[in-house]
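Right, one structure below, let's go through it.
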Amino acid sequence: MLAKRIVPCLDVMNGQVVKGVQFVNLKVEGEPPELAADYEEQGADEIVFLDITASYEKRDTTLEVVKKTADMISIPLTVGGGIRCITDIQNVLSSGADKVSVNTAAIRAPNLVKESADVFGSQCIVVAIDAKRVYVDSDLTDKTVVDTTKGKCWWEVYVEGGRVPTGIDAMTWAKKVKDLGAGELLPTSMDCDGVQTGYDLELTRTMSQITNLPIIASGGAGNLEHIYEVLTAGDADAALAASIFHRSQYSVGEVKRYLADKGVTMRLV
Amino acid sequence: MAVVNYGVGNLRSIRRGLEKSGAAVKITHNPTDLLRSDAIVLPGVGAFAPAVKNMAPIADIVAEAMKNGKPILGVCLGLQLLFTRSSEGGSVKGLDFISGDIVKLPDTVKTPQMGWNTLNIEQSHPLLEGVKDSCYVYFVHSYYPKPIDSAVVVATTEYGVRFASMIAKKNLLATQFHPEKSSKTGLTMLKNFVRIMKR
């Protein structure tokens, strides 16, 4: 049976791993290659490496750090941040990444998803979607409005590292990138990111049901129960987390044993 | 050891895995390199039709290597290329070293299958020495192999359907999963492949 995945995320700025609260107040956490190797040893199922400043400051992803990180591990590596064109994708893949995550560039030029899926295969193309709830009083014809426990809302896509709202409905966008050839989706809840109060389960569940693509849930993990919830009620295939692992609040192994004990299919090492 | 370069994707990981296992690796598309090599790896990234096209100039050399008993390892797409045909992108002819089709995973499961799934070992094989039954390996694929001859099936995996996840036909070995991405279990298999080459 296919196991659910636990995916530590390295948010990388200037070659170092950082973590902030709701995309601001960033603090240094460590070196990417060492952290990645340590996570594999603990039982991480894959690693996500996000160059979080690249898109905003128009800086290329630090390919040398990607190479060093890829060389330290024998589990899949996804790299995102600052990917603007096919050449960027080729460079990241030839530096040892298995998948590339695109975000802002896909919104600006959706055909990048199609072109890159055609060349490299859908399995390499992850579309990251930074989404924030917009509460409404009634249904809207052009948005996917969902009845949540906190009221009716839709999710708006943000770009440029969560700085710029687009007015685009995240569910419509998710369906579109699936049709263009995306192989996996990485929704980050901007309402929940970094505050450690749990993932946005309604975001991941709705996106999973609408697209039937593998979903890596991101944003909000604060304790083990949160991860359990998103992999069960949230219908996610993988849970991404940063802070709770970097600060050694829990090891990856502890998280996986907890989930396995609760009946979630896990690869235990 | 020659790792065939189709011109796209990540070949760094498989190279590193093989080198760590004691092989001297050349990533190449050059017929002379393939002829001189002691073993050939067909790596697993990209779509079926373009890969078949890129393979066309060296298909005869790979066929020759197969007849001569040179160890060949196909990984993921590299496995699929060995089959008669694939339904990915219509109906595209493969190298036909193994009779059978490559077909889409059922609609009842999410595609691609992305992640760690278990290997049910159906028969022992030198590539699986030191590998336990029901161990987890890493898969990324939307299509799976259906060999006509069940004797070539070394291991199977369940994902909406029970499919052949590892295949062996004499010196021709192939995995639908990625050993180079399967942590210690995968590295054990790559070490075994290097040992098979050196025999």
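As they're listed, the protein sequences go chains A and B.
Heads up: the first sequence begins at 1 in the working numbering, then just goes up one per residue.
Heads up: the second sequence begins at 1001 in the working numbering, then just goes up one per residue.
Cβ coordinates follow ideal geometry from the N, Cα and C atoms, glycine included.
Secondary structure of residue i, DSSP reduced to three states
i: Lys-58/A; result: Here Lys-58/A scores only 48 on pLDDT, less than 50, and its place in the model should not be relied on; the value that follows carries that caveat. Correct three-state label for Lys-58/A: coil.
i: Ser-189/A; result: strand
i: Cys-124/A; result: helix
i: Arg-133/A; result: strand
i: Ile-216/A; result: strand
i: Ala-1024/B; result: coil
i: Leu-1095/B; result: coil
i: Tyr-158/A; result: strand
i: Ser-243/A; result: helix
i: Ala-109/A; result: coil
i: Val-269/A; result: coil
i: Ser-138/A; result: coil
i: Ile-73/A; result: coil
i: Asn-1005/B; result: coil
i: Gln-90/A; result: helix
i: Ser-208/A; result: helix
i: Ala-174/A; result: helix
i: Val-195/A; result: coil
i: Leu-201/A; result: helix
i: Ala-221/A; result: coil
i: Val-264/A; result: coil
C-alpha distance - residue i paired with residue j, whole-angstrom precision
i: Pro-1126/B; j: Leu-1190/B; result: 11 Å
i: Lys-1067/B; j: Lys-132/A; result: 59 Å
i: Arg-108/A; j: Pro-1071/B; result: 47 Å
i: Ile-1027/B; j: Asp-191/A; result: 46 Å
i: Thr-197/A; j: Thr-188/A; result: 14 Å
i: Val-146/A; j: Lys-1132/B; result: 46 Å
i: Thr-78/A; j: Val-7/A; result: 10 Å
i: Thr-1111/B; j: Met-13/A; result: 33 Å
i: Asp-261/A; j: Asp-1033/B; result: 51 Å
i: Leu-1077/B; j: Asp-139/A; result: 45 Å
i: Ile-275/A; j: Leu-1095/B; result: Chain A is shown only over 1 to 269; residue 275/A falls outside these bounds and no answer can be derived.
i: Ala-86/A; j: Val-1137/B; result: Before going further, note that residue 86/A is Ile rather than Ala in the sequence given. Distance between the alpha carbons of Ile-86/A and Val-1137/B: 29 Å.
i: Ala-174/A; j: Ser-1142/B; result: 19 Å
i: Ala-233/A; j: Pro-1057/B; result: 51 Å
i: Lys-178/A; j: Met-171/A; result: 11 Å
i: Glu-156/A; j: Gly-96/A; result: 33 Å
i: Asn-1117/B; j: Gly-183/A; result: 18 Å
i: Thr-1084/B; j: Gly-1074/B; result: 14 Å
i: Ala-3/A; j: Arg-267/A; result: 6 Å
i: Val-252/A; j: Ile-47/A; result: 12 Å
i: Met-1197/B; j: Gly-81/A; result: 40 Å
i: Lys-58/A; j: Asn-103/A; result: Because Lys-58/A sits at a pLDDT of 48, beneath the cut-off of 50, its placement in the model cannot be relied upon, and the following sentence gives the value as read from the coordinates. Looking at the two C-alpha atoms, the distance is approximately 14 Å.
i: Met-1105/B; j: Gly-1160/B; result: First, the residue type needs correcting, since residue 1105/B is Leu and not Met in the sequence shown. Cα to Cα, Leu-1105/B sits roughly 7 Å from Gly-1160/B.
i: Glu-29/A; j: Thr-211/A; result: 34 Å
i: Glu-10/A; j: Gln-42/A; result: The residue asked about is misnamed: residue 10/A is Leu in this sequence, not Glu. Computed Cα separation, rounded: 15 Å.
Endpoints, the alpha helix (DSSP H) within which residue i is located
i: Leu-1077/B; result: 1077-1080
i: Tyr-228/A; result: 224-231
i: Leu-1172/B; result: First-last for Leu-1172/B: 1172-1175, but that is the beta strand (DSSP E), not the alpha helix (DSSP H).
i: Gly-1186/B; result: 1183-1198
i: Ile-1014/B; result: 1012-1020
i: Tyr-273/A; result: Beyond the ends of chain A as shown, which are 1 and 269, falls residue 273/A; an answer cannot be given.
i: Val-252/A; result: 252-261
i: Val-1062/B; result: 1059-1068
i: Arg-84/A; result: Per DSSP, Arg-84/A belongs to no alpha helix (DSSP H) and is neither H nor E.
i: Asn-1054/B; result: 1048-1055
i: Val-1031/B; result: The question names Val, yet the displayed sequence has Pro at residue 1031/B. Start and end: 1031-1036.
Sheet register partners of residue i (DSSP bridge)
i: Asn-1117/B; result: Val-1137/B
i: Ser-49/A; result: The sequence as given places Phe at residue 49/A; Ser does not occur at that position. According to DSSP, which records beta bridges pairwise, Phe-49/A is partnered with Leu-10/A and Val-79/A.
i: Phe-1163/B; result: Thr-1157/B
i: Lys-5/A; result: Note that residue 5/A is Arg in the sequence shown here, rather than Lys. BP columns for Arg-5/A point to Ala-238/A.
i: Pro-1147/B; result: Gly-1100/B
i: Leu-1127/B; result: DSSP, once it has assigned bridges, lists no residue as partnering Leu-1127/B.
i: Cys-153/A; result: Tyr-135/A and Val-146/A
i: Gly-1074/B; result: Leu-1042/B and Ala-1174/B
i: Gln-281/A; result: Residue 281/A lies beyond the range of chain A shown here (1 to 269); nothing can be said about it.
i: Val-28/A; result: Val-18/A
i: Ala-1168/B; result: Leu-1173/B
Span of the beta strand (DSSP E) around residue i
i: Phe-1083/B; result: 1083-1086
i: Asp-169/A; result: 164-169
i: Leu-1042/B; result: 1040-1042
i: Ala-182/A; result: Taken as a continuous stretch (DSSP letters only), Ala-182/A belongs to no beta strand (DSSP E), as it is neither H nor E.
i: Lys-99/A; result: 99-102
The ligand PLP heavy atom lying under 7 Å from the CB of residue i
i: Ser-1021/B; result: This structure lacks the ligand PLP; in fact it carries no ligand of any kind.
Does the segment 1090-1108 of chain B come within contact of the segment 1140-1158 of chain B, defined as at least 3 CB pairs closer than 8 Å? yes
I want to know whether the segment 1039-1053 of chain B touches the segment 106-123 of chain A - three or more CB-CB distances under 8 Å. These segments touch.
Is there contact here, the segment 1160-1177 of chain B with the segment 1079-1091 of chain B, by at least three beta-carbon pairs under 8 Å? yes
Any contact between the segment 1058-1065 of chain B and the segment 1149-1166 of chain B? By contact I mean 3 or more CB pairs, one from each, below 8 Å. no
Are the segment 239-248 of chain A and the segment 215-226 of chain A in contact at 8 Å, needing three or more beta carbon pairs? yes
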